[in-house]
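Numbering follows numbering that gives the first Met the number 0, with no gaps: position 36 of the sequence shown is 35.
All residues carry an ideal CB built from backbone N, CA and C; glycine is no exception.
What follows is one structure encoded as structure tokens, with my remarks underneath.
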Amino acid sequence: MRSMLKLIWQFEDIDRNENAYFYQVNQTNKDYGSQLVYSYKINAQTLFYLGYSDKGYQDDSLKSLERDQRTFFTKVSYAWQL
0 MRSMLKLIWQ FEDIDRNENA YFYQVNQTNK DYGSQLVYSY KINAQTLFYL GYSDKGYQDD
60 SLKSLERDQR TFFTKVSYAW QL
């Protein structure tokens, strides 16, 4: 296989009972993260990656999920032989 596409999506939804804590906490906490990565194998020792990732959250002060980070990235991996 010379090329591959991978999608990861994670979601976390936490509802807390505020009365169970001695300190102030958010009752609602939602987090998500996603990542899309394309990899291409140039030869047996060289790989090229191109990808995108983002994440977001929601707490008591927000009415809906909001993205707070977005990243585009690339990477070349090469194995040196001695």
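Reduced DSSP category for residue i - H, G, I as helix; E, B as strand; rest coil
| i | result |
| --- | --- |
| residue 16 | coil |
| residue 81 | coil |
| residue 3 | strand |
C-beta atoms of residue i and residue j nearer than 8 Å
| i | j | result |
| --- | --- | --- |
| residue 68 | residue 54 | yes |
| residue 29 | residue 11 | yes |
| residue 2 | residue 46 | no |
Minimum length 3: unbroken beta strand (DSSP E) runs contained in the stretch 20-71 | You should have 27-42 and 45-57.
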